[in-house]
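Trainee: Below is the structure I would like to discuss, written out as structure tokens.
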């Protein structure tokens, strides 16, 4: 168990280390730390559920370089993020803002949870009240029996 956890940790560290290439790293440690903080919250537009800080995609590399260029030019962290949002939309953010265009994104999980809860409550009420479907009527059972017999006869013909 310990070996497996250690292996997962080493793989995770290796993937993060491999993403930001040496030629991307800024000489100023403070700017590089800011760039890394921003990169962790920006979604790779190719990988979708991976931050650009740990993505090896070409677009992610371009975005990391763009962030560093903007920081060197004197932009604040908020200005860099806004520049990326202006260019790629709220999709590029792992935590998009709560506004009319993202209401569905933020509220859909709660709506689905509520609908699932109502469906479960309804099913439990029907089961308790005894109004849940009992089974097939005698006529339907006879029809199913007839269809099964025909099916078996067809299968027997194919086997011979």
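Residue numbers (this note's numbering): 33 to 192. Every residue, glycine too, gets a C-beta built ideally from N, C-alpha and C.
Could you tell me which residues DSSP pairs with residue 179 in its beta bridges?
Mentor: Bridge partners of residue 179 according to DSSP: none are assigned.
Trainee: Could I get the ranges of all uninterrupted alpha helix (DSSP H) runs contained in the segment 106-175, with 4 residues as the minimum, in chain order?
Mentor: Restricted to the segment 106-175, the alpha helix (DSSP H) segments that are unbroken, complete and at least 4 residues in length are 109-120, 135-161, listed in chain order.
Trainee: With 16 as the cutoff for other CB atoms within 10 Å, does residue 85 come out buried or exposed?
Mentor: buried
Trainee: For residue 100, count neighbouring C-beta atoms within 10 Å of its own C-beta (all shown protein chains included) and say buried if the count is 16 or more, exposed if not.
Mentor: buried
Trainee: Residue 174 to residue 181, Cα distance in whole Å?
Mentor: 11 Å
Trainee: What is the DSSP secondary structure of residue 99, reduced to helix, strand or coil?
Mentor: helix
Trainee: Leaving out the 5 sequence neighbours to the left and right, which residues in its chain are closer than 7 Å to residue 71 when beta-carbon positions are compared?
Mentor: 83, 84, 85, 96, 99
Trainee: Which of the three DSSP states is assigned to residue 74 in this structure?
Mentor: strand
Trainee: Based on Cα-Cα distance, which residue from 52, 156, 124 lies nearest to residue 68?
Mentor: Among 52, 156, 124, the Cα nearest to that of residue 68 is on 52.
Trainee: Taking only the alpha-carbon atoms, compute the straight-line gap between residue 64 and residue 141 and give it to the nearest angstrom.
Mentor: 36 Å
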